[in-house]
Amino acid sequence: MTVLIRLQDVARDVFENERILLERGSTAADIAEWDSVSHIALVLAVEAAFDLRFGTAEIGSLENVGAFVDLIERKLRDAA
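Numbering (the numbering used here), first residue to last: 764 to 843.
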């Protein structure tokens, strides 16, 4: 399972919407349920799902789903 698919599964769970389809270019503006509060919930859920921790600067630099996927992949590589 790719990181993007796993992230999509987490997002569907957090946003309680099984129809969400994430693409690398997707942003919070593309998902009705994705607001500032749910963003925090998503980050925490991703940390739990991937057993990672993100710094404040890393979270603040995320411009789209692709950047989130890249960050997750980098963290996973660094942890290996």
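Ideal Cβ placement from N, Cα and C applies to all residues, glycine included.
- Rounded to the nearest whole angstrom, the C-alpha separation of residue 766 and residue 812 is 11 Å.
- 9 Å or more divides the Cβ of residue 805 from the Cβ of residue 838.
- Taking a contact as a CB-CB distance under 8 Å, the pair residue 787 and residue 829 counts as one, their CB atoms being some 3 Å apart.
- Excluding the 5 residues flanking it on each side, residue 825 has same chain C-beta neighbours closer than 6 Å at 831, in chain order.
- Exclusion of the five residues before and after residue 823 leaves no residue of its chain whose Cβ lies closer than 8 Å to its Cβ.
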